[in-house]
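Numbering (the working numbering), first residue to last: 12 to 577.
These notes are about the structure you will find just below.
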Ligand code: DON
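Here you go:
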């Protein structure tokens with residue numbers, strides 16, 4: 012297992028060599044922090060940190076714990092993205108554990124005989140599931156970045172699965188809303204006595220505990236090969252899916268270069284393809300710079316932001332997909348020159364999306380609050396921002412027998428047919444078409460911000476709205492808001508199509524609504540609040556550590572200060 016020198020040691024080494032200390036010039040972190048969407052997952056992360064693990068070990072523990080206590084949001088049957096910062100050498104890493112399309116996948120697998128899309132095929136049941144990436148990430152991160160063994164990191168989750176934990180109101184509600192989609196094995200787990208669990212009931216997941224123990228003992232091989240793989244693949248195949256054992260055996264996480272954005276003295280480090288997040292954020296920040304945003308009053312500022320969102324989401328639809336399979340003009344899309352051109356088209360009035368080239372698009376509504384994000388920093392300054400998913404609530408609803416693993420329905424994030432909206436109303440073109448082994452385009456955007464206010468770690472679930480929520484949180488941070496304010500701030504969103512601003516009621520005053528309508532915007536107040544952000548701020552000027560869990564969710568953000576500190 013690799014070990015890396017701590018920051019103090021590195022600073023001393025650099026000093027001896029007469030080199031600038033760089034990252035080592037930061038103060039010592041005043042403690043450690045974990046913010047996640049569930050108190051039991053936060054507790055699992057803290058326990059690992061307190062017993063000598065680092066932030067990367069804690070990330071593995073939190074991932075596994077969330078798979079048990081928030082089974083509707085993420086899990087071993089899904090995937091996600093981990094953004095890591097290693098304090099020892101100041102390097103950032105992006106671990107892409109996104110699901111892949113099975114080898115037998117085809118561009119028309121979600122169409123009926125007449126060529127019409129059948130949305131249920133890419134959303135419900137085993138045909139909707141990509142090959143999971145999370146089990147591979149658990150091993151990869153532990154082995155390359157952690158200090159603990161995989162078994163140590165998975166231990167809290169094994170306990171939660173086998174000893175059980177009290178069902179919370181959110182879990183009870185989501186089981187009730189999804190029960191009609193559950194396969195037999197999923198029903199047996201989540202409706203243990205044939206009825207819906209209520210808050211306070213104890214939920215035991217013995218099969219999931221067994222799967223976690225298999226991974227703890229045999230590493231990711233225990234999941235992707237052998238008996239467990241046969242159970243997973245056998246179930247999928249029997250019930251109408253197209254996985255092969257070879258698909259499972261060939262799954263690998265990919266380490267990718269994170270996207271870097273410089274914005275007014277802040278360095279934003281964020282998600283590259285197959286997430287749309289980094290490129291879309293870069294385009295929006297580029298347009299804001301070109302506009303010298305904000306150039307007018309509050310309404311003008313919101314109008315400009317919305318117009319920048321609209322343009323970036325249009326390009327998301329047209330150009331973005333898995334760059335291992337399609338050519339994406341990343342350099343041009345992220346260039347300031349191109350942002351200037353886009354910004355030049357932003358005027359006083361809204362630009363109707365239908366007038367922007369890309370014809371024949373259908374409309375749909377963005378919906379769904381799911382997936383999960385967590386943020387961690389340890390005493391050495393190692394950091395993690397991770398967003399993980401099985402896509403919509405309880406993913407495909409399908410659990411292969413004797414695995415305890417709910418499979419994702421991430422295949423719906425592909426263009427199941429050109430220009431047909433997915434579960435979030437997003438449209439795509441050829442760049443994001445289904446191809447064997449390709450990764451579907453994502454919006455998940457785990458992000459670090461480094462700058463004059465120190466370090467900010469952010470991210471959230473929320474489907475297509477993830478990118479604009481992360482954007483608003485970064486702007487809140489650069490505008491001086493504290494982490495609680497940044498996480499709680501009311502949200503608004505535009506995604507090119509449907510052509511309207513969706514917003515939380517508190518996000519726009521009556522006057523702002525009137526003024527935005529006068530500029531040609533259609534407004535749609537959201538009946539549900541959106542997102543579940545988990546963020547950390549290490550203020551290096553005052554050397555304070557703060558963390559916040561979204562008040563919209565039931566998560567928990569905890570900062571633990573060193574014993575010696577006041
Ligand atoms: O990867 C994506 O963009 C989606 N599968 C994320 C889904 C999500 O955040 C669900 N929550 N609303």
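Just so it is clear, CB atoms sit at the ideal spot from N, CA and C, and this is done for glycine as well.
Where residue i falls: helix, strand or coil (DSSP)
i, result
"residue 248", "helix"
"residue 403", "coil"
"residue 158", "coil"
"residue 606", "This structure cannot settle anything about residue 606, because the visible part of the chain is limited to 12 through 577."
"residue 431", "coil"
"residue 290", "helix"
"residue 115", "coil"
"residue 127", "coil"
"residue 361", "coil"
"residue 81", "coil"
"residue 413", "coil"
"residue 271", "strand"
"residue 93", "strand"
"residue 170", "helix"
"residue 192", "helix"
"residue 384", "strand"
"residue 204", "coil"
"residue 303", "coil"
"residue 330", "helix"
"residue 468", "strand"
"residue 229", "helix"
"residue 354", "helix"
CA-to-CA distance, residue j to residue i, given in whole angstroms
i, j, result
"residue 384", "residue 92", "10 angstroms"
"residue 424", "residue 412", "25 angstroms"
"residue 56", "residue 524", "42 angstroms"
"residue 32", "residue 484", "For residue 32, the predicted model reports a pLDDT of 37, less than 50, meaning its position is unreliable; a value from the coordinates is still stated below. Each residue's alpha carbon lies about 30 angstroms from the other."
"residue 309", "residue 388", "35 angstroms"
"residue 181", "residue 476", "21 angstroms"
"residue 427", "residue 444", "7 angstroms"
"residue 304", "residue 312", "7 angstroms"
"residue 377", "residue 508", "Note on residue 377: pLDDT 39, under 50, position unreliable in the model; no value is reported."
"residue 497", "residue 162", "36 angstroms"
"residue 137", "residue 246", "8 angstroms"
"residue 449", "residue 363", "33 angstroms"
"residue 204", "residue 339", "51 angstroms"
"residue 531", "residue 517", "21 angstroms"
"residue 480", "residue 512", "13 angstroms"
"residue 422", "residue 451", "7 angstroms"
"residue 17", "residue 537", "Confidence is the limiting factor: at residue 17 the pLDDT is only 46, short of 50, which leaves the residue's position unreliable, though a coordinate-based value still follows. So the alpha carbons of these two residues sit roughly 47 angstroms apart."
"residue 35", "residue 97", "Here residue 35 scores only 46 on pLDDT, less than 50, and its place in the model should not be relied on; the value that follows carries that caveat. Using only the alpha carbons, I get a separation of about 12 angstroms."
"residue 348", "residue 336", "26 angstroms"
"residue 20", "residue 434", "With a pLDDT of only 45 at residue 20, under 50, the local geometry of the prediction cannot be trusted, and the value read off the model is given with reservation. Cα to Cα, the separation comes out at about 49 angstroms."
"residue 208", "residue 488", "40 angstroms"
"residue 8", "residue 367", "No answer is possible for residue 8: it lies beyond the span of the chain, which begins at 12 and ends at 577."
"residue 65", "residue 178", "29 angstroms"
Cβ-Cβ distance between residue i and residue j below 9 angstroms
i, j, result
"residue 361", "residue 301", "no"
"residue 255", "residue 114", "yes"
"residue 165", "residue 224", "yes"
"residue 502", "residue 459", "no"
"residue 382", "residue 455", "yes"
"residue 465", "residue 394", "no"
"residue 258", "residue 417", "no"
"residue 49", "residue 415", "no"
"residue 407", "residue 135", "yes"
Residues bridged to residue i [DSSP beta-bridge criterion]
i, result
"residue 557", "548"
"residue 213", "177"
"residue 318", "BP columns for residue 318 are empty, so no partner."
"residue 509", "Answer by DSSP bridge pairing: none, since residue 509 is not bridged."
"residue 520", "Paired residue(s): none; residue 520 is not in a bridge."
"residue 535", "513"
"residue 142", "111"
"residue 279", "272, 460"
"residue 149", "Answer is none; residue 149 lacks a bridge partner."
"residue 104", "95"
Contact test: residue i Cβ vs the ligand DON heavy atom, cutoff 8 angstroms
i, result
"residue 324", "no"
"residue 455", "yes"
"residue 262", "no"
"residue 421", "yes"
"residue 291", "no"
"residue 565", "no"
"residue 332", "no"
"residue 305", "no"
"residue 424", "yes"
Neighbour flag for residue i against chain B, beta carbons, 9 angstroms
i, result
"residue 528", "The chain inventory of the structure shown lacks chain B, comprising one protein chain alone."
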